[in-house]
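Novice: So the protein sequences, as listed, match chains A and B.
Basically the working numbering = 1-based index in the first sequence + 1057.
Number 326 in the working numbering belongs to position 345 of the second sequence; there are no gaps in the numbering.
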Amino acid sequence: MKAKHQRLFLALAALVAIIGAGLLAVSALKDEAAYFYTPGDVKTKGVEPGKAIRLGGMVVKGSLKRAADGVTIRFDVTDGKATVPATFSGIAPDLFKEGSGVVAEGAFDGKGTFVATNLLAKHDERYMPRELEGMSYNESTHEMKAER
Amino acid sequence: MIAETGLAALWLAASLALLQLLLAFAGLKGGKSELLAAVRPAAVAQGLLTATAFALLIILFLRSDMSVLLVATNSHSMKPWLYKFAGTWGNHEGSMLLWVTVMGVAGAAVALFERALQRDAHMATLGGQAAISLGFYAFLLFSSNPFARIAQPPADGQGLNPLLQDPGLAFHPPTLYLGYVGLSVAFSFAIGALLTRQVDAAFARAMRPWVLAAWVLLTLGITAGSYWAYYELGWGGWWFWDPVENASLMPWLAATALLHSVTVLATRDALRAWTIMLAVIAFSMSMVGTFLVRSGILTSVHAFAVDPTRGSFILALLAIYIGGALALFGWRIGSVREGAPFELVSRETMLVVNNLLLSVILGIVLIGTLYPLMTEAFGHKVSVGAPYFDRIAGPIALALMIALAIGPMVRWRRDGAGAVGKRLLVPAVVGLVAVAVLAAFAWGRIGVLPFLGLVIAVAVGAASIAPLWKRNLLRTPLFTWGMVIAHLGCAVSLAGMACDSAFTVEKLVAARPGDTIQTAGWTLRFIQIMPVAGDNWTALQADMRVDRGGTPVLIRPQSRFFASPPTSTSEAALLTRWDGQLYVVLGEEVEGGRWQLRIWWKPFVTLIWLGGVMIALGGALALVGRERRGWLMKWRARRALA
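1) Looking at G515 of chain B and the ligand PLP, is the gap between the Cβ and the nearest heavy atom below 6 Å?
2) Compare the beta carbon distance of A(-10) of chain B and A23 of chain B with 7 Å and say whether it is the shorter of the two.
3) Of the choices A:G1167, A:L1065, A:A1139, A:G1169, whose alpha-carbon is the least far from that of M1208 of chain A?
4) Compare the beta carbon distance of S1146 of chain A and V1128 of chain A with 7 Å and say whether it is the shorter of the two.
5) Using only CA atoms, which one of B:R291, B:I596, B:I131, B:A300 lies nearest to H73 of chain B?
6) So, is the C-beta of Q1063 of chain A closer than 7 Å to a C-beta in chain B?
7) Using the Cβ count rule (16 or more neighbours within 10 Å means buried), how would you classify D516 of chain B?
8) Looking only at its chain, what residues have a beta carbon closer than 8 Å to the beta carbon of I446 of chain B, apart from the 5 residues adjacent to it on each side?
9) Chain A partners of P368 of chain B, CB-CB under 7 Å?
10) Relative to chain A, which residues along the stretch 340 to 357 of chain B have a C-beta separation below 7 Å, given in chain order?
11) If we call anything under 7 Å between Cβ atoms a contact, is A53 of chain B one with P127 of chain B?
12) To be precise: take each residue of the stretch 1065 to 1096 of chain A, compare its Cβ to all Cβ atoms of chain B, and keep it if any distance is under 7 Å. Which residues remain?
13) How many angstroms separate the CA atom of E1105 of chain A from the CA atom of P1142 of chain A?
14) Are the stretch 42 to 52 of chain B and the stretch 10 to 24 of chain B touching by the rule of at least three beta carbon pairs closer than 8 Å?
15) Go ahead and label A1109 of chain A buried or exposed: buried means 16 or more other beta carbons lie within 10 angstroms of its beta carbon, across all protein chains shown.
16) Per DSSP, what kind of secondary structure is G402 of chain B in: helix, strand or coil?
17) What are the boundary residues of the alpha helix (DSSP H) that includes V334 of chain B?
18) In three-state terms, what does DSSP make of L591 of chain B?
19) Assuming E1162 of chain A contacts T1174 of chain A under a Cβ cut-off of 8 Å, what Cβ separation, rounded to an integer in Å, is found between them?
20) Going by beta-carbon coordinates alone, are L1112 of chain A and F1171 of chain A separated by less than 7 Å?
21) From V473 of chain B to A438 of chain B, what does the alpha carbon distance come to, in whole angstroms?
22) Assign N453 of chain B to buried or exposed, taking buried as 16 or more other Cβ atoms, counted over all protein chains shown, within 10 Å of its Cβ.
23) When Cβ atoms are compared, which residues of the stretch 1106 to 1138 of chain A fall closer than 8 Å to chain B?
24) Compute the beta-carbon to beta-carbon distance between A1082 of chain A and I373 of chain B, rounded to the nearest angstrom, for a pair I have assumed lies under 8 Å.
25) Output needed for L598 of chain B: all residues of its chain with C-beta closer than 7 Å, excluding positions within five of it in sequence on either side, in chain order.
26) Assess contact between the stretch 292 to 311 of chain B and the stretch 221 to 230 of chain B, defined as three or more Cβ pairs (one per stretch) separated by less than 8 Å. Is contact present?
27) Taking the alpha helix (DSSP H) that Y212 of chain B falls in, what are its first and last residues?
28) Can a CB atom of chain B be found closer than 7 Å to the CB of E1204 of chain A?
29) Between B:L535, B:I508, B:A400, which has its C-alpha nearest W576 of chain B's C-alpha?
30) Quick test of the definition: if touching needs 3 or more C-beta pairs under 8 Å, does the stretch 139 to 147 of chain B touch the stretch 538 to 550 of chain B?
31) Under 7 Å, Cβ to Cβ, is there at least one residue of chain A near Q1 of chain B?
32) Could you name the residues of chain B that G1169 of chain A contacts, counting a contact when the two beta carbons are closer than 9 Å?
33) So, at 6 Å on beta carbons, what are the nonlocal neighbours of V282 of chain B in its own chain, with the 5 sequence-adjacent residues on each side left out?
34) Given this structure, state the Cα-to-Cα distance separating A286 of chain B from P190 of chain B, to the nearest angstrom.
35) Just verifying my parser: in three-state terms, what is the DSSP assignment at P584 of chain B?
36) For M614 of chain B, is the classification buried or exposed, using 16 other Cβ atoms within 10 angstroms of its Cβ as the cut-off for buried?
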């Protein structure tokens, strides 16, 4: 191969690789664009059972119940427009509590309950899951406000 | 007085950087040696001044001088001294001072120790280093002054985020920064080479040790950070695809590609333009990472304070430096001559494959990290998580591992496909045996990716020691050992990752003191819960006696409460055995006097970090080996003359 052709070939290979990476990423991100849901999104768009998503919202006051096994909890997640029941088995983060924000990773079961495998709550006083910025919970009316 | 001296040292260092840039520019432009003679002393003095400023800030933290705003908001007089010391960089201003210090000291090192580069290229490199330092001095002095005082000092200070109060803080950030910012040297070398039009094998040989050193430290820093997150966060995971982790992975991917392409340039004088491009990209990724972490657009333990002006400041620096370097590249690269040609079946081609695959992974990680930020700018919130990265980057990383196995077996310049195939026979057979063994014992129990990962790890492990085959091990050059150990480290790490995701056993229970729990061959006797206290925390501790047939060992997972700032953290108990780790987390008390316990048995998980350390060790051996050969050659030449 001549030097000139070689440089052209290398440049083409690099271009193909970069475009390939971009296409792969974009095609995958199309799915991911539908990765984060609020309960309102779940109600309007619908999520098939078993699809891995992140569900974000506020834990409804008075909804947190612990099952007899001591490690499973049930709670409702709301964004003011809709409410979704959820369960989680594991050690909940310290700042996971009623009336505060949560992002749950997991999937819906066949009966419309969200089975969380991971809870991303605030892990220090200043930290807030990025998806929940702009949401607040109205203490007096128990209503969620979501500013988008 | 200490704070004022520190601030003065910073201003002086910044002025010296400006002087260094002007001297280098004027000296090179007018060909005036007397101006150029002052560049190196300026770089050395700048390095000393930044180091002084940094040392003074450490002293302020150690003395808990609450009249300094940064100390008052981030430290606490009751904190153990180690965290006072390491807390110096556990905040925005301190970590930016560390960044500037590493940049200054790296510049001083280039001034003092770089001997291989021609004078003009050396001076242009130092000018480039001064130019990038200047922007970060400005950032520090105008928007992140670490030495600001407050009128009414508090008695105690607000304390440090308890998640950061761990010995890991003393090691992970400085190592990571040395690597991260050390890449600025490669960037400056590229600028210098473009300005003086000297892109050749000699340039690559001069740049290689700097790239290697930065890469070794970056590897160690990432490995340490991964292990720290693993044991501190109590989630049992070792990589979360958090944007902040990606911020350190991206420069590493670029630096790894650079490390291999610079070897092609040094050995065969090929891939000239590509190597320069990678040197620019590597440090650009460091700056992008800093922008992500320090601008406040992300929320995590690493993003300390939210201040929008800082974000715009770093974004402006980013645009100036990356844009400037790319413009210089576009302007000058046409005048860089073609490198040496090579055949399709050759080591060079394999290294091009390595570079392309690394670049593709880099692109995927970059897009995945920036995409949520970009969509958010248009008012649409998206989150990109582990499924995206695992699914897209995982298979490409496995392909990269296969290229890693083949590459070292192919000769430079030209080789025969048949001959390479023959050399690959042994690793291929080893891989097939691994397929058979795994299929027999674990078929259907493990996923496709972990299965492939284990098979490839075994085959790559066999292939990576092949370069030592039939060689006199004592006379094998140190840098060949370095390559073998680093490649073997990749296989070891991959094996650890695959084992962790394939064989981890998890058990979640609520147990009373006195209960016995059985899982994965282990017996855990829950003895008691008791309160304990440290310097600045109190904790509930579970005493557990664990065994798997042998002598029982006591382990003590804790749940800690810090008063300032008010936070609780969970301290997992880890029991390391040769074949894995037992990982126990204590949760909260539930009705009936029971305590939540989360127990993992993670077979061979430690291989992940052992592999990381091996990769860094391999890089260090290659560095020492190359440098030693240089000294020996010089020494022999001198003796021959005498």
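C-beta atoms are modelled at their ideal positions from N, C-alpha and C, and glycine is treated no differently.
Specialist: On the basis of the data shown:
1) The model on display carries no ligand, and the ligand PLP is accordingly not part of it.
2) no
3) The requested residue 1208 of chain A does not occur in the structure, where chain A is confined to residues 1058 to 1205.
4) yes
5) B:R291
6) yes
7) exposed
8) V465, L469
9) A1109
10) Within the stretch 340 to 357 of chain B, the qualifying residues are S340, V341, G344, I345, I348, G349, Y352.
11) no
12) Cβ contacts with chain B: L1067, A1070, A1071, A1074, I1075, G1077, A1078, G1079, L1081, A1082, A1085, L1086, E1089, A1090, Y1092, F1093.
13) 15 Å
14) no
15) exposed
16) helix
17) 328 to 358
18) helix
19) 6 Å
20) Yes.
21) 7 Å
22) exposed
23) A1109, R1111, R1123, D1126, G1127, V1128
24) 7 Å
25) Within the same chain, Cβ atoms closer than 7 Å to the Cβ of L598 of chain B are found at I466, the five residues on either side in sequence being excluded.
26) no
27) 182 to 213
28) With a pLDDT of 34 at E1204 of chain A, under the threshold of 50, the modelled position of this residue cannot be trusted; read the value that follows with caution. False, the Cβ-Cβ gap to chain B never drops below 7 Å.
29) Cα-wise, what sits closest to W576 of chain B is B:I508.
30) yes
31) no
32) Residues of chain B passing the Cβ test: none, with the nearest at roughly 22 Å.
33) Low local confidence applies: a pLDDT of 48 at V282 of chain B is under 50, so the model's placement there is unreliable, and no value is given.
34) Reliability fails at A286 of chain B, whose pLDDT of 49 lies under 50, so the model's placement of it is uncertain and no value is given.
35) strand
36) exposed
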